[in-house]
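Residue numbers are given in numbering that gives the first Met the number 0: position 87 of the sequence shown equals residue 86, and the series is strictly consecutive.
Right, one structure below, let's go through it.
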Amino acid sequence: MVDMHSQSFFGKSSGLTIQSSSRNEPFIFLKCIKKKGDGIWEKPSKGEGKTIKCSLDEMVMISEVLHKRLENWSTYHNFNDTKTQISFKWENERKERLYINIGSYSKMLTFSQIEILKLLLNHMLSEKIEFATTSNFSEGRKGKQKVITGSLTKDTSEQGSKSPVPAVIENIEVSEKSSCQVEGAIKNETQKALLITFQNDRECWIPKSAVRSSYVSAQEKQQSFVIDTWLLEKNNLLL
Numbered sequence: 000m001v002d003m004h005s006q007s008f009f010g011k012s013s014g015l016t017i018q019s020s021s022r023n024e025p026f027i028f029l030k031c032i033k034k035k036g037d038g039i040w041e042k043p044s045k046g047e048g049k050t051i052k053c054s055l056d057e058m059v060m061i062s063e064v065l066h067k068r069l070e071n072w073s074t075y076h077n078f079n080d081t082k083t084q085i086s087f088k089w090e091n092e093r094k095e096r097l098y099i100n101i102g103s104y105s106k107m108l109t110f111s112q113i114e115i116l117k118l119l120l121n122h123m124l125s126e127k128i129e130f131a132t133t134s135n136f137s138e139g140r141k142g143k144q145k146v147i148t149g150s151l152t153k154d155t156s157e158q159g160s161k162s163p164v165p166a167v168i169e170n171i172e173v174s175e176k177s178s179c180q181v182e183g184a185i186k187n188e189t190q191k192a193l194l195i196t197f198q199n200d201r202e203c204w205i206p207k208s209a210v211r212s213s214y215v216s217a218q219e220k221q222q223s224f225v226i227d228t229w230l231l232e233k234n235n236l237l238l
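Shown next, in the form of structure tokens:
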């Protein structure tokens, strides 16, 4: 069984990628890019484009729209005091084209693309409900670590027609998990590893397979990484 999934939908001027790094993580990433004025596509590795993280709850609501049980659904994410509006909406009553809006990015999906996204999302939901909602971590990885979670706050957004949808605020809480969040900057990069300078001024090569979050490849850019706890503990990188 494949543990990682990634599917891209490209048009003439915009692109959308749905990505799941692991079936053990209760979220997916939606990544948007568009073609710039000079005809060159934006590059996420340079910090361009827009990336959001969708929880299991949000995946379910998106699935409801894809299955045509909802006319539309929208919410917003609040990260570092920046609000990003997110919406999935059918073009008309025939429901043959779907418009996805994430902040200033917009992508229209045709019938075949909608079917692919629907099947993929159903598959990832089934996987994540089975593997990401159970406590199957080894006892050797115990302890309190910082992990990224999603908390809900009340807000008036669209679900179907006028139903309220909670906004998602990404925050950090203490829990027992197999990965934790640390701050650092990429100093060098190879095909399979990142040389990261951490806040304690220590440098360490981290296998990309142990990095559980998305990141910007730009060097010397301070950012957050979600990395396997056992690896951080082994190299004394936990503050």
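Heads up, the beta-carbon is just placed ideally off N, CA and C, and yes, glycines get one too.
The beta-bridge partner set that DSSP reports for TRP229 is empty. Judged by beta-carbon spacing, MET123 lies beyond the 9 Å limit of MET60, meaning their Cβ atoms are not closer than that value. If you look at GLN112, you'll find it in the alpha helix (DSSP H) that goes 110–130. Scanning GLN84, SER105 and THR81 for the CA closest to the CA of GLU90 turns up SER105. Runs of alpha helix (DSSP H) with 4 or more residues, each lying fully within the stretch 44–90, are found at 55–65, listed in chain order. For LYS45, the number of other beta carbons within 10 angstroms of its own is below 16, and it is reported as exposed. Cβ-Cβ separation between ARG96 and LEU108: approximately 7 Å, consistent with a contact (criterion under 8 Å). When DSSP states are grouped into helix, strand and coil, SER12 belongs to the coil group. A residue is called buried once 16 or more other Cβ atoms fall within 10 Å of its Cβ, and SER19 is buried on that count. According to the DSSP assignment, TRP204 belongs to the beta strand (DSSP E) that extends over 202–206.
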